[in-house]
Amino acid sequence: NARANQVAHRLLALGVRPDDRVAICVERGPAMIIGVLGILKSGAGYV
Numbered sequence: 001n002a003r004a005n006q007v008a009h010r011l012l013a014l015g016v017r018p019d020d021r022v023a024i025c026v027e028r029g030p031a032m033i034i035g036v037l038g039i040l041k042s043g044a045g046y047v
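In UniProt numbering, the protein residues as written are 1 to 47.
This is the structure in structure tokens:
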């Protein structure tokens, strides 16, 4: 949860806004879960 929050804060700092789409390209595993949760917590969607 803490790492997903870090991802979300970083995305927001980079200018990602709600309803934006963010691409994620990682193998299935913990990194993917953290990334997806971080994207969703930022209000964006993932592809």
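The beta carbon of each residue, even a glycine, is placed where N, CA and C say it ideally should be.
Computed from a predicted model, the values in this text were never measured in an experiment.
Inset, instruction - Leaving out five residues on either side along the sequence, give the residues of the same chain with a beta carbon under 8 Å from the beta carbon of Leu-12. - result: Ser-42
Legend entry - For Gly-45, three-class secondary structure by DSSP: strand
Inset, instruction - Sort out for me which residues DSSP pairs Val-22 with in a bridge. - result: Tyr-46
Inset, instruction - Using 10 angstroms around the beta-carbon of Ala-8, count the other beta-carbons present and answer buried if the total reaches 16, otherwise exposed. - result: Result: buried.
Inset, instruction - Since I believe Gly-35 is in contact with Val-26 (beta carbons under 8 Å), could you give me their beta-carbon distance rounded to a whole number of angstroms? - result: 6 Å
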